[in-house]
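Q: Please read through the structure below; I'll follow up with questions.
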Ligand SMILES: [Zn+2]
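In my numbering, the protein residues as written are 3 to 465.
Quick look at the structure:
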């Protein structure tokens, strides 16, 4: 068996790991590489292997850095099955269409501003390309073994990261040899709203695992809950609005569930909550179709409060632009959750523009913000920001709530690897920058996991 590292190797983006077993090829993830425009175009369009020779794909979860290059794989001749949980298949479908739309819009934006002699750029893929992926999905539940390629038995386990997210156990038979391999996907966290806790690995020979936060322990999600509750109470008491830039998939649904709990338990005064993002609305529909993926706490909450997890009096989901604009005309305290999560594009920009100069309001940052984004500038405390080319004075309160990350912190990553340390021959760290990888490597060696690797892009190893 040979393992090739074709993405998320010494970085966090573009997950792609290829296994060769018994002459067949199994691809774990086909994520979009996100970086500078030209490099992204090249890396996503030019595979280092022939997509026509890939026999099957296993997809751990729907995030674009894991699923987002499937349209190119299919476009370039992949004809096999993509195995994923039902929720992952449904979420991927809407996220890939959205991604295709974004790629087209980006290319159009660049092409409108071309200088003389510059040739037009093409989208990495189109929405029409993305739509072709859906027909390849084969849904498999957690705990149900399946055979993606001859000689390999695969089983999904809940990764507790986003709805439908999975780790996968591969039991491989090759030339009379038995070998057990665990791929972590993205590792979630204990006690996240809505989701089951991650399942720790079983004894295996090899582990391929993420290390995004290999150098950083996380706060308890309950602390984030308390911080959010304090922001809502304080802002509503002074008659302000709470504006939350949020990723449409995952984070928005978790926030809605937390707000639902606060209202139901009388911890905050009921106030209108608006989820203003068509992608978030579509995503929430997928969540509603898959209540079986929710954790026990959510099931009990739903039973006791007699309304669904992502619905409560005062909550409204907004699709239309008119309804979104109409929120400006209303002046009572309210919560507006809107995308994009780093306030770079989307309707959140209008809400920020209209509310940022009013000192009664609070902009609430609930996720990591990349450098040079508007969300990052606000989180860093800039007093003036540009939105749609105009300068605005930041008079609203800006509060960052840490601890809502969907990724395991260092403590859980150590616990994760330590759960298999007696048997494991090699651990491969992917999906992390060099500092977290080095920190986690050190910690794992303290746990007497001896062979920890941080593979280079396009390298491979015989197992
Ligand atoms: Zn993820």
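The C-beta atom is built at its ideal place from N, Cα and C for all residues, glycine as well.
No experiment lies behind these values; they were computed from the predicted model shown.
Drop a sphere of 10 angstroms on the beta-carbon of residue 219, count the other beta-carbons inside from all chains shown, and report buried for 16 or more, exposed for fewer.
A: Walking along the chain shown from the start, residue 219 turns up at place 217. Per the 10 Å Cβ criterion, exposed.
Q: Would you list the residues whose beta-carbon is nearer than 5 Å to any heavy atom of ligand 1, in the order they occur in the chain?
A: 65 and 188
Q: State the beta-bridge partners of residue 292 as determined by DSSP.
A: Working through the chain shown from its first residue, we reach residue 292 at position 290. Its beta-bridge partners do not exist; DSSP assigns none.
Q: Alpha carbons only, please: which of 326, 320 and 307 is nearest the one belonging to residue 287?
A: Walking along the chain shown from the start, residue 287 turns up at place 285. Comparing Cα-Cα distances from residue 287 to each of 326, 320 and 307, the minimum goes to 320.
Q: Who are the Cβ neighbours of residue 224 in its own chain at under 8 Å, not counting the five residues just before and after it?
A: On the chain shown, residue 224 is found 222 positions in, with the first residue counted as 1. These residues qualify, in order along the chain: 193.
Q: Could you have a look at residue 179 and say whether DSSP puts it in helix, strand or coil?
A: Here residue 179 refers to the residue found at position 177 when the chain shown is read from its first residue. Of the three classes helix, strand and coil, the one that applies to residue 179 here is strand, per DSSP.
Q: Could you tell me which of 446, 252 and 87 sits nearest to residue 2, measuring between CA atoms?
A: Missing from the structure shown is residue 2; the chain here goes from 3 to 465 and no further.
Q: Output the boundary residues of the beta strand (DSSP E) element that contains residue 545.
A: Look at the range of the chain in this structure, 3 to 465, and you will see that residue 545 is not part of it.
Q: Could you tell me if residue 470 is buried or exposed, where buried requires 16 or more neighbouring beta carbons within 10 angstroms of its beta carbon?
A: Here the chain comprises residues numbered 3 to 465, so residue 470 is not present and cannot be evaluated.
Q: Just to confirm the assignment, what range does the alpha helix (DSSP H) spanning residue 69 have?
A: Taking the first residue of the chain shown as 1, we reach residue 69 at position 67. Residues 66 to 69.
Q: Under the rule that 16 or more other beta-carbon atoms within 10 Å means buried, what is residue 44, buried or exposed?
A: For the purposes of this step, residue 44 is taken as residue 42 along the chain shown, with counting starting at 1. Counting the other CB atoms within 10 Å of its CB gives residue 44 a total below 16, which places it among the exposed residues.
Q: Select from 68, 13 and 80 the residue whose C-alpha is nearest the C-alpha of residue 32.
A: Locating residue 32 in the chain shown gives position 30, where the first residue counts as 1. Residue 68 is the option with its Cα nearest to residue 32.
Q: Starting from residue 9, trace the beta strand (DSSP E) in both directions and tell me its first and last residue.
A: For the purposes of this step, residue 9 is taken as the residue at position 7 of the chain shown. Here the beta strand (DSSP E) through residue 9 covers 4 to 9.
Q: List in chain order: all unbroken beta strand (DSSP E) runs of 3+ residues lying wholly within the region 226 to 304.
A: 243 to 247 and 275 to 278
Q: Which runs of the alpha helix (DSSP H) spanning at least 4 residues fall entirely within the region 398 to 452, listed in chain order?
A: Listed in chain order, they are 412 to 420 and 436 to 448.
Q: Among residues of its own chain, excluding the 5 on either side of residue 28, which ones have a beta-carbon nearer than 7 Å to its beta-carbon?
A: As a working note, residue 28 is residue 26 in the chain shown. The answer, listed in chain order, is 21, 57, 58, 60, 150, 151 and 154.
Q: With residue 459 and residue 7 assumed to form a contact (beta carbons below 8 Å), what rounded beta-carbon distance in angstroms separates them?
A: Translated into positions along the chain shown, residue 459 becomes position 457. Translated into positions along the chain shown, residue 7 becomes position 5. So it is a contact: roughly 7 Å between Cβ atoms.
Q: From 75, 174 and 134, pick the residue whose C-alpha is nearest to that of residue 46; which is it?
A: Taking the chain shown and counting its residues from 1, one reaches residue 46 at position 44. Among 75, 174 and 134, the Cα nearest to that of residue 46 belongs to 75.
Q: Could you round the C-beta distance between residue 277 and residue 368 to whole angstroms and report it? I think they count as a contact, below 8 Å.
A: By one-based count along the chain shown, residue 277 stands at place 275. By one-based count along the chain shown, residue 368 stands at place 366. With a Cβ gap of about 13 Å, residue 277 and residue 368 do not count as contacting.
Q: Please state whether DSSP places residue 311 in a helix, a strand or coil.
A: Counting from 1 along the chain shown, the entry for residue 311 is found at position 309. DSSP places residue 311 in coil when its eight states are reduced to three.
Q: Going along the chain, which unbroken runs of the beta strand (DSSP E) with 3 or more residues stay wholly within the region 327 to 369?
A: 336 to 340 and 364 to 367
Q: So the candidates are 173, 127 and 156; which of them puts its Cα closest to the Cα of residue 87?
A: If you number the chain shown from 1, residue 87 lands on position 85. Per the Cα distances, 156.
Q: Let me check understanding here. Comparing Cα to Cα, which of 187, 199 and 204 lies closest to residue 210?
A: One-based indexing of the chain shown puts residue 210 at position 208. Nearest of 187, 199 and 204 to residue 210, Cα basis: 187.
Q: I think residue 257 touches residue 339, with their Cβ atoms under 8 Å apart; what is that distance to the nearest whole Å?
A: To locate residue 257, count along the chain shown from 1; it is residue 255. To locate residue 339, count along the chain shown from 1; it is residue 337. Confirmed, about 6 Å.
Q: In the DSSP assignment, find the unbroken alpha helix (DSSP H) run with residue 114 in it and report its ends.
A: As a first step, residue 114 must be located in the chain shown, where it is residue number 112. DSSP places residue 114 inside the alpha helix (DSSP H), whose first and last residues are 88 to 114.
Q: Are residue 259 and residue 285 close, meaning C-beta to C-beta below 8 Å?
A: Start at 1 with the first residue of the chain shown, and residue 259 comes out as number 257. Start at 1 with the first residue of the chain shown, and residue 285 comes out as number 283. Going by C-beta atoms, residue 259 is not nearer than 8 Å to residue 285.
Q: Relative to the C-alpha of residue 105, which candidate in 117, 126, 118 and 116 has its C-alpha closest?
A: Taking the first residue of the chain shown as position 1, residue 105 is located at position 103. Among 117, 126, 118 and 116, the Cα nearest to that of residue 105 is on 126.
Q: Taking the C-alpha atoms as reference points, what is the distance between residue 18 and residue 411?
A: The count along the chain shown starts at 1 and reaches residue 18 at position 16. The count along the chain shown starts at 1 and reaches residue 411 at position 409. In a straight line, the C-alpha of residue 18 is about 22 Å away from that of residue 411.
Q: For residue 37, which residues in the same chain have their Cβ closer than 6 Å to its Cβ, ignoring the five residues on either side in sequence?
A: As a first step, residue 37 must be located in the chain shown, where it is residue number 35. Hits under 6 Å: none found.
Q: Quick check on the burial criterion: 16 or more other C-beta atoms within 10 angstroms. Buried or exposed for residue 71?
A: On the chain shown, position 69 is the one that residue 71 refers to. The residue in question, residue 71, is buried, as its Cβ has 16 or more Cβ neighbours within 10 Å.
Q: Answer with buried or exposed for residue 167, where buried requires no fewer than 16 other C-beta atoms within 10 angstroms of its C-beta.
A: Counting from 1 along the chain shown, the entry for residue 167 is found at position 165. Buried, because 16 or more other Cβ atoms sit within 10 Å of the Cβ of residue 167.
Q: Run the CB neighbour count on residue 55, radius 10 Å, all protein chains shown included, and call it buried at 16 or more, exposed below.
A: Here residue 55 corresponds to residue number 53 of the chain shown, with the count starting at 1. With fewer than 16 other Cβ atoms within 10 Å, it is exposed.
Q: What is the DSSP secondary structure of residue 224, counted as helix, strand or coil?
A: Counting from one through the chain shown, the residue named residue 224 turns up at place 222. Looking at residue 224 - three-state DSSP - the assignment turns out to be helix.
Q: In or out: residue 212 buried (at least 16 other Cβ within 10 Å) or exposed?
A: By one-based count along the chain shown, residue 212 stands at place 210. By the neighbour-count rule (16 or more Cβ atoms within 10 Å), residue 212 is buried.
Q: Using CA atoms only, rank isn't needed, just tell me which of 397, 446, 404 and 30 is closest to residue 417.
A: The count along the chain shown starts at 1 and reaches residue 417 at position 415. For residue 417, the nearest C-alpha among the options comes from 446.
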